[in-house]
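The structure appears below as structure tokens.
Residue numbers (my numbering): 8 to 267.
Shown next as structure tokens:
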């Protein structure tokens, strides 16, 4: 199936690894023109080279810390005509309320919560003016299936889910789509980091993190891959599903409805 994404300019944030890189790869395979952004210049360069070698598409890179308003504004100024924005940069810390300082709360929210909101503000205005464009917010099941040991992420993701619902209900009047994707635990470096934090809180030993990731307890007997999230993002951006806006799609294998 041709997704109709060839030559579309797609900007993916947090694209040097994990879900961001997998999402960029999915769009590249459809012939999109890519802009990938992340903080780590070396990792970003390596990701871009891999994308070019695998797919032959045009890839531009932007080294930026999107926790800062100036970097977000500079990114928009450099690529104002982006057709599809995928907000993915973010690493909200795990831990219970008393485990986290207010500084850690603010750091986590500056990148993901306020980073998403600001880039949506910038790009949705430009897209609505042009009467075309799509924004995808990669959020997380932590905003649906809330846990006390991921309270900062639960609150931040829940806020972004509501934000995406509200913005995506407004933008279709200008022929612009905004929707989100909620991944459940995914086989990336990120899940290892969160599991280490949980193991330290639960067992007093972060090296016991694998005890918290018994894959046979997950839907389909495994953690999902980052590629599955990337593929979903690309498919939902296709013009064939143009009516999709104002919603957030859960990709959790039905796990939220089970007791395990």
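Note that the Cβ used here is the ideal one computed from N, Cα and C, for glycine as well.
Taking only three categories from DSSP, how would you classify residue i?
{"i": "residue 208", "result": "helix"}
{"i": "residue 267", "result": "Because residue 267 sits at a pLDDT of 49, beneath the cut-off of 50, its placement in the model cannot be relied upon, and the following sentence gives the value as read from the coordinates. It is coil, neither helix nor strand."}
{"i": "residue 67", "result": "strand"}
{"i": "residue 86", "result": "coil"}
{"i": "residue 9", "result": "coil"}
{"i": "residue 32", "result": "helix"}
{"i": "residue 250", "result": "coil"}
{"i": "residue 119", "result": "coil"}
{"i": "residue 231", "result": "strand"}
{"i": "residue 147", "result": "coil"}
{"i": "residue 3", "result": "Residue 3 is absent from the model: the chain starts at 8 and stops at 267."}
Excluding sequence positions up to five away, which residues of its chain have a Cβ less than 7 Å from the Cβ of residue i?
{"i": "residue 166", "result": "120"}
{"i": "residue 267", "result": "Residue placement at residue 267 is poorly supported in this model, since its pLDDT is 49, which falls under 50; the coordinates still yield a value, given next. Closer than 7 Å at Cβ, skipping near neighbours: 224."}
{"i": "residue 12", "result": "34, 37, 38, 39, 241, 244 and 245"}
{"i": "residue 269", "result": "There is no way to answer for residue 269, as the model of the chain reaches only from 8 to 267."}
Taking just the CA atoms, how far does residue j sit from residue i?
{"i": "residue 334", "j": "residue 223", "result": "Outside the modelled stretch of the chain, which goes from 8 to 267, sits residue 334, for which no answer is possible."}
{"i": "residue 122", "j": "residue 14", "result": "26 Å"}
{"i": "residue 220", "j": "residue 154", "result": "16 Å"}
{"i": "residue 118", "j": "residue 20", "result": "11 Å"}
{"i": "residue 216", "j": "residue 102", "result": "14 Å"}
{"i": "residue 72", "j": "residue 175", "result": "26 Å"}
{"i": "residue 256", "j": "residue 248", "result": "13 Å"}
{"i": "residue 143", "j": "residue 213", "result": "33 Å"}
{"i": "residue 68", "j": "residue 211", "result": "40 Å"}
{"i": "residue 50", "j": "residue 164", "result": "26 Å"}
{"i": "residue 250", "j": "residue 177", "result": "13 Å"}
Per DSSP, residue i is paired with what?
{"i": "residue 140", "result": "183"}
{"i": "residue 92", "result": "18 and 142"}
{"i": "residue 42", "result": "18 and 67"}
{"i": "residue 190", "result": "258"}
{"i": "residue 157", "result": "102"}
Which same chain residues, not among the five before or five after residue i, have their C-beta less than 6 Å away from its C-beta?
{"i": "residue 59", "result": "66"}
{"i": "residue 134", "result": "140 and 183"}
{"i": "residue 89", "result": "16 and 18"}
{"i": "residue 46", "result": "72"}
Tell me which residues share the same chain as residue i and place their Cβ nearer than 8 Å to its Cβ, disregarding the 5 neighbours each side in the sequence.
{"i": "residue 196", "result": "24 and 25"}
Handout entry: the stretch 257–264 / the stretch 8–26 touching (three or more Cβ pairs under 8 Å)
Key = Flag = no, the stretch 257–264 and the stretch 8–26 do not touch.
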